[in-house]
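Numbering-wise (my numbering), the sequence shown opens with residue 221 and increments by one.
Every residue, glycine too, gets a C-beta built ideally from N, C-alpha and C.
To start, the structure itself, in structure tokens.
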Amino acid sequence: MIKNQAYNIALVGNPNAGKSSLFNALTGLNQKVGNFPGVTVDKKTGKCKLSDGQSVNIIDLPGTYSLYPKSADEYVTADVLFDEDEAVKIDLILILADASNLKRNLLFCSQIIDLKRPVIVALTMLDLAEKKGMKLDLNGLQRDLGVPVLPINPRKNKGTKELKKSIEKQLTGQKTIPPFDFIDNLALAPKSITAVKEIIDIPSDYAALHIMAGLDHIQFVSSADKDKIKERLKEHSFNKTKIQAQEVIQRYKKIKTIMSKSVVEADPLRKQLFSEQLDKYLLHPIGGYLILFSVLFLLFQSIFWLSAFPTDWIDENFTAVISWVEGQLPTHFLSDLLVNGLLAGINGIIVFIPQIMILFGLITLLEDSGYMARISFLSDRLMRRVGLNGKSVMPLMSGFACAVPAIMAARTIENKKEKLLTILITPLMSCSARLPVYTILIGLVIPSKTVLGVFSLQGLVMMLLYLFSFFVALLVAALFNIFIKVKDKSIFLMELPTYRAPRWGNVLNTMIQQARVFVFEAGKVILVISVILWGLSSYGVEKTESQTDYFAKTSLTNSYAGSVGKFIEPAIKPIGFDWKIGIALITSFAAREVFVGTMATLYSVEDDNEKSLRAKMAKAKWSDGSKIYSTATGISLMIFYAFAMQCMSTLAIVKRETNSWKIPAFQFLYMGALAYIFSFIFYQLFS
Ligand SMILES: Nc1nc2c(ncn2[C@@H]2O[C@H](COP(=O)(O)OP(=O)(O)OP(=O)(O)O)[C@@H](O)[C@H]2O)c(=O)[nH]1
Ligand SMILES: [Mg+2]
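The structure is reproduced here in structure tokens:
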């Protein structure tokens, strides 16, 4: 086969079978891998060089249990497999099957085989299967399935060489289209299938069945043909549900026969694996919840404990660097821009690297070990009370890191209402961008004391903030649940993956990458805004008798930024904010991280001898001489940042995922209202 364009190879299989691990091994990229079903929710393409030098495209896809898609992520995969996706046309399908759960994995495998396209089956988790006492005859399986079957271990990068060879073979001539149907598909609905195949040209009986079942969703069939098909289906009284049920029964029957020949299954009386024993404690109806609370408690405390030293270290050294640079430069407005605009902005960013790294590291640890899936399981009951589902936990937990991937993770939720509710409340989770704001304010208004001997009071307050916003999020869900009228059946089916030792390389990698993203992506925004802000807060309008100067170097109070801040001050005074905070609120609508940079710029424009931002803020006074950053204002401000929707990227992703402007607009409004109301209440309480 000669082709100008690179071949496209799709990675498909049940969730958590190791597709993304293999994708990374083949392409050298760093697609997210985690030990729970539903990590990948979108397609991702990478390049891989085969031994003959040709480069092929590898496409990582969301995992799916069957070819009848139910959730948004499963549709992504089904669309690619049925050529519904305009962007990718598949030349070869690589099915990954988890050998330690072979029976269930073979169901999906057998469906793909019946599509009659070039296929290779790669078996993963053979190490686990062996531990369970299973024995597999790969040659026997290959014979019965009629397609190549290869053993691989993408976690350890084993078997990839042989796999590449097999791919090469398939692409260069010796293509093996599965020679026989796995089950007798035609017999499922002989008249309807024949009728469809007369109208459109497809070789596979089973694919014809899928066209009939998903007719409304399919686009490559013209509407004239669709009408014809519909007519014929009615004639032959085609019943989708009944046929699907029959299909699955027949497939399992055949799988059973095949397995009895080629597989020695795990002995049910064998000694339980460590992983299985562990669940006795971790999923215990009482103990399980106690452990869960302790884990989360430790998580939030460690963010404070572990980051305290490196954060202080960076802060001290970088402020020293800034002072030094300032000393070297002549007095000029460009030096001013460099020191008070740029460097102050950079300092605002890099001091948070340790916290961001620790937060992402700990979350990755939870995901990689397999405990995250247990958190879903344990919280399903609570989630259900407020109209959500155990599967909402994954988006909500990853919302602690960042709402953007978290909202995409809601794709795995099948029920429309539960999915919408999850998307609506996910931005209320305290994401990593709020950490800088919390940290600086907690440092200002909460004394650094130890409670009960070991716990830091500052860490406790931080945790209370997280808990409070989580609690409010659930209340909000419960409230919206009453008003949203979408009827859809709801189930919670989630496979609990085997516990695995975290891959430390992966944890470290995620930490470094996220720090990079934070510094560069957020950094770009922060720097741009800091520089603009420096301009707006250093210059303003000055009127003298003879002329009006629109570009006069002036004090912060009289500057452009100052005027805007002063303008909105009356609206925010009731919640304890002064006009400088007002300016920060406005700039933070781009992204919350901008807060610290804004403060840094505003306070350094006002010439001050203090170099550390915290010290400058601590000195700030109202006109009556009282401290601006009182406990009440500090708390009110943190609460505001906890609830307000200050993130353009989140709004954009909600728009994309829900395909509607109304939902992000509503989110923006309701979160703003919550922020103002709660800030007001807390300000009054603590004043
Ligand atoms: N023991 C063992 N673990 C493996 C093997 N292959 C992958 N894993 C682990 O299995 C887990 C799931 O891997 P992923 O690559 O994220 O799985 P996926 O198929 O992309 O999952 P989804 O994106 O959720 O569909 C990870 O913890 C891997 O380290 C294997 O052959 N043996
Ligand atoms: Mg994946």
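Give the DSSP-derived three-state secondary structure of residue i in the structure shown.
i, result
"Asp532", "helix"
"Glu715", "coil"
"Ala840", "coil"
"Phe771", "strand"
"Ala237", "coil"
"Gly782", "helix"
"Ser676", "strand"
"Ile222", "Confidence at Ile222 is low in this model, with a pLDDT of 49, below 50, so its placement is unreliable and the value that follows should be read with caution. Coil at Ile222, not helix or strand."
"Pro550", "coil"
"Val571", "coil"
"Ile372", "coil"
"Ala342", "strand"
"Gly845", "coil"
"Lys454", "helix"
"Gly366", "coil"
"Tyr227", "coil"
"Ile704", "coil"
"Ser856", "helix"
"Leu608", "coil"
"Leu871", "helix"
"Val441", "coil"
"Ala810", "coil"
"Ala307", "coil"
Going by the CB atoms, is the gap between residue j and residue i shorter than 8 Å?
i, j, result
"Tyr288", "Gln464", "yes"
"Phe900", "Ile788", "no"
"Asn701", "Val606", "yes"
"Leu326", "Ile422", "no"
"Leu346", "Asn373", "yes"
"Ser330", "Phe402", "yes"
"Gly215", "Ser482", "Because the chain here runs from 221 to 907, residue 215 falls outside it and cannot be looked at."
"Ile866", "Phe809", "Reading off the sequence, residue 866 comes out as Gln, not Ile. Result yes, Cβ atoms of Gln866 and Phe809 sit closer than 8 Å."
"Ile803", "Ile792", "no"
"Tyr759", "Ala772", "yes"
"Ile340", "Ala230", "no"
"Ser650", "Ser676", "no"
"Gly581", "Thr730", "yes"
"Arg720", "Ser589", "yes"
"Ala653", "Glu813", "yes"
"Leu664", "Ala838", "yes"
"Asn635", "Ser710", "yes"
"Ala621", "Leu687", "no"
With a threshold of 16 other CB atoms inside 10 Å of the CB of residue i, please say whether the residue is buried or exposed.
i, result
"Ala895", "buried"
"Lys239", "buried"
"Phe513", "exposed"
"Ile897", "exposed"
"Ala811", "buried"
"Val671", "exposed"
"Phe494", "exposed"
"His430", "buried"
"Trp799", "buried"
"Gln225", "exposed"
"Val545", "exposed"
"Arg337", "buried"
"Asp708", "exposed"
"Leu728", "exposed"
Of all the CB atoms in chain B, is at least one closer than 8 Å to the CB of residue i?
i, result
"Leu558", "As a matter of chain content, chain B is missing from the structure shown, which is built from one protein chain."
What I want to know is whether the C-beta of residue i ends up closer than 7 Å to one or more non-hydrogen atoms of ligand 4.
i, result
"Lys611", "With respect to small molecules bound, the structure shown includes ligand 1 and ligand 2 and not ligand 4."
Original post:
Pairing CB atoms from the segment 280 to 297 with CB atoms from the segment 250 to 268, are three or more of them under 8 Å?
Top reply: yes
**OP:** Quick one: which unbroken alpha helix (DSSP H) runs of 4-plus residues sit fully inside the segment 252 to 303? Chain order, please.
**Re:** 292 to 301
**OP:** Flag this pair as touching only if the segment 864 to 874 and the segment 620 to 637 have three or more C-beta atom pairs under 8 Å; answer yes or no.
**Re:** yes
Original post:
Are the segment 525 to 538 and the segment 584 to 592 in contact at 8 Å, needing three or more beta carbon pairs?
Top reply: no
**OP:** Tell me, please, whether the segment 557 to 575 touches the segment 765 to 781 by the rule of three or more beta-carbon pairs shorter than 8 Å.
**Re:** no
**OP:** Identify every run of the alpha helix (DSSP H) within the segment 631 to 683, keeping only runs that are complete inside it and at least 4 residues long; order them along the chain.
**Re:** 636 to 645, 654 to 665
**OP:** Kindly confirm or deny that the segment 407 to 420 and the segment 384 to 391 touch, where touching means at least three C-beta pairs closer than 8 Å.
**Re:** no
Original post:
Which runs of the alpha helix (DSSP H) fall wholly inside the segment 470 to 543 and span at least 4 residues, in chain order?
Top reply: 494 to 502
Subject >> Three-pair Cβ contact test at 8 Å for the segment 640 to 651 versus the segment 482 to 495 >> reply: These segments do not touch.
**OP:** May I ask you to verify whether the segment 591 to 607 touches the segment 837 to 848, counting CB pairs closer than 8 Å and requiring at least 3?
**Re:** no
Original post:
Does the segment 426 to 441 come close enough to the segment 298 to 307 that 3 or more CB-CB pairs lie under 8 Å?
Top reply: yes
Subject >> At least 3 beta-carbon pairs within less than 8 Å: the segment 235 to 252 vs the segment 364 to 378 >> reply: The segment 235 to 252 is in contact with the segment 364 to 378.
Subject >> Contact between the segment 739 to 753 and the segment 813 to 821 (3+ Cβ pairs under 8 Å) >> reply: yes
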